[in-house]
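Some notes on the structure that comes next.
Number of protein chains: 2
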Amino acid sequence: MSSPSLKPSPALTVTTPSDREVRTERVFNASRERIWRAMTDPALVAQWWGRGNRLVIERLEVVRGGHWRFVEHAPDGVHGFEGRFREVTPPERLVQTFEWDGMPGYVVISSMTLEDLGDGRTKLVTTSLFHTTEERDGMLDSGMTEGLEQSYRALEAVLAKR
Amino acid sequence: MSSPSLKPSPALTVTTPSDREVRTERVFNASRERIWRAMTDPALVAQWWGRGNRLVIERLEVVRGGHWRFVEHAPDGVHGFEGRFREVTPPERLVQTFEWDGMPGYVVISSMTLEDLGDGRTKLVTTSLFHTTEERDGMLDSGMTEGLEQSYRALEAVLAKR
Chain A
-5 MSSPSLKPSP
5 ALTVTTPSDR
15 EVRTERVFNA
25 SRERIWRAMT
35 DPALVAQWWG
45 RGNRLVIERL
55 EVVRGGHWRF
65 VEHAPDGVHG
75 FEGRFREVTP
85 PERLVQTFEW
95 DGMPGYVVIS
105 SMTLEDLGDG
115 RTKLVTTSLF
125 HTTEERDGML
135 DSGMTEGLEQ
145 SYRALEAVLA
155 KR
Chain B
-5 MSSPSLKPSP
5 ALTVTTPSDR
15 EVRTERVFNA
25 SRERIWRAMT
35 DPALVAQWWG
45 RGNRLVIERL
55 EVVRGGHWRF
65 VEHAPDGVHG
75 FEGRFREVTP
85 PERLVQTFEW
95 DGMPGYVVIS
105 SMTLEDLGDG
115 RTKLVTTSLF
125 HTTEERDGML
135 DSGMTEGLEQ
145 SYRALEAVLA
155 KR
């Protein structure tokens, strides 16, 4: 297997702290509260998560045990994503499962932390934990971090508008 | 943390092949086809999965990508369980995720293989893969294998009836 592709953008830092994890870091010019809202209000999520593609938010129950399900209408087809919330601590921390319909039953634990930098900016840190190294590397090779950075750029635009 | 409790019954063999897995083995006096049906037909599943407790089968879509959700009405309360099918190969192999409502977002990958022993009996092998060793040991300490053996005894009774 080829080594996973870690292609950082100037804004996004990507590391692999263990053989089953991917960690990303990115700073936003917005408060934790505003980022939290953009991540949990369906009307706002629909504006950035799909990176310009139409996104249908079928479920977004931001409580411990709640489910979420998004359907992205991309040029290459329709992609469903879903999961469940493990931990919800506004405006600091969100832990949820992540599953793509194309690989049902392959579940990633996605932890997101918002860190107040004290100057109006917020550091967003994510950790994705996979069941196996192969699943992690497959996700990295599928363009996970490029897609994330595209979403984050769209999120930045949403945050700037408000 | 105390070491996980591996309490095998005379019928059920339980091992831990890696630090994130539990493997079980049990032989049934029935063909693979009959066991497969008892595991995938909602009317039959309801007779054994809940170990004598009332079981409501809310969803049981036995296809790749399909969802399942069972609600067990036990003396100590109502317990929801759910997951999604990763692999469905009748009458040989079933891989699915498993999640208990009490610990949402903690997902086990449960693989089940039915092996024809050639004499009318079938060996049922399960492997459960956890994200962490702590999750595995927590599940073992919660009585996972005792509960499984109770279910299997109820399954045996269902198989004998038919």
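Here the protein sequences line up with chains A and B, keeping their order.
The opening residue of the first sequence carries number -5 in the numbering used here; numbering runs sequentially from there.
The opening residue of the second sequence carries number -5 in the numbering used here; numbering runs sequentially from there.
Idealized CB from N, CA, C, for every residue including glycine.
Exercise. Are the beta-carbon atoms of R157/B and W62/B separated by less than 8 Å?
Worked result: Examination of residue 157/B is not possible in this model, given that chain B is present from -5 through 156 alone.
Problem set entry | Whole-angstrom C-beta distance between A40/B and I51/B, which should lie under 8 Å | 6 Å
For this session: Evaluate T9/B with the Cβ neighbour count: other Cβ atoms within 10 Å of its Cβ, from every protein chain shown; 16 or more gives buried, anything less gives exposed.
Result: Classification for T9/B: exposed.
For this session: Reducing DSSP to helix, strand and coil, say where P4/B ends up.
Result: coil
Problem set entry | Among H125/B, F124/B, L108/B, the one whose alpha carbon lies nearest that of K117/B | L108/B
Problem set entry | Cβ-based neighbour list, L149/B, same chain, cut-off 7 Å, excluding 5 preceding and 5 following | A32, W42
For this session: Tell me where the beta strand (DSSP E) around M106/B begins and ends.
Result: For M106/B, the enclosing beta strand (DSSP E) has its first and last residue at 102 to 110.
For this session: Pull up the distance between the alpha-carbon of V72/B and that of P98/B, whole angstroms please.
Result: C-alpha of V72/B to C-alpha of P98/B: approximately 15 Å in a straight line.
Problem set entry | Three-state secondary structure (DSSP) of R58/B | coil
Exercise. Is there at least one Cβ from chain B nearer than 8 Å to D95/A's Cβ?
Worked result: yes
Exercise. Can you tell which of R87/A, E15/A, T7/A, A5/A has the C-alpha that lies nearest to the C-alpha of T126/B?
Worked result: E15/A
Exercise. Does the beta-carbon distance from Y146/A to R20/A come in below 8 Å?
Worked result: yes
Problem set entry | Separation of R115/A from P84/B, as counted between CA atoms | 54 Å
Exercise. Going along the chain, which residues of the stretch 103 to 123 of chain A sit with their C-beta nearer than 7 Å to a C-beta in chain B?
Worked result: I103, L123
Problem set entry | Span separating the alpha-carbon of H67/A from that of L123/B | 33 Å
Exercise. Alpha carbon to alpha carbon, how far is W94/B from S25/A?
Worked result: Each residue's Cα considered, the two are about 35 Å apart.
Problem set entry | Y44/A classed as buried or exposed, judged by whether at least 16 other C-beta atoms fall within 10 angstroms | The sequence shown places Gly at residue 44/A, not Tyr. Classification of G44/A: buried, given that the 10 Å Cβ count is 16 or more.
Exercise. By Cβ distance, which residues of its chain are closer than 6 Å to N23/B, with the 5 residues on each side in sequence left out?
Worked result: Taken in chain order, the residues that qualify are R115.
For this session: Assuming T139/A and L6/A form a contact by the criterion Cβ under 8 Å, report the distance between their Cβ atoms to the nearest whole angstrom.
Result: 7 Å
For this session: Please name the residue, chosen from I103/B, V65/B, L153/B, E81/B, that lies closest to R17/B on a Cα-to-Cα basis.
Result: With distances taken between Cα atoms, R17/B lies closest to I103/B.
Problem set entry | Distance between beta carbons of M106/A and L88/A, contact taken as under 8 Å | Going by Cβ atoms, the distance from L88/A to M106/A rounds to 5 Å, so yes, they are a contact pair.
Problem set entry | Partner residues on chain A for T91/B, Cβ-Cβ distance less than 7 Å | G99, V101
For this session: Would you identify the three-state DSSP class for W42/B, choosing helix, strand or coil?
Result: helix
For this session: Quick one: using the 10 Å Cβ neighbour count with 16 as the cut-off for buried, is E143/B buried or exposed?
Result: The residue in question, E143/B, is buried, as its Cβ has 16 or more Cβ neighbours within 10 Å.
Exercise. Hey, is F79/B's beta-carbon within less than 8 Å of any beta-carbon in chain A?
Worked result: For F79/B, the nearest beta carbon of chain A is closer than 8 Å to its own beta carbon.
Exercise. Looking only at its own chain, which residues have a Cβ that is under 8 Å from the Cβ of R58/A, when we skip the five neighbours before and after it?
Worked result: F79, R80, E81, V82
For this session: Using a Cβ cut-off of 8 Å (strictly closer), state whether R17/B contacts chain A.
Result: Taking Cβ atoms only, chain A never reaches closer than 8 Å to R17/B, which makes this a no.
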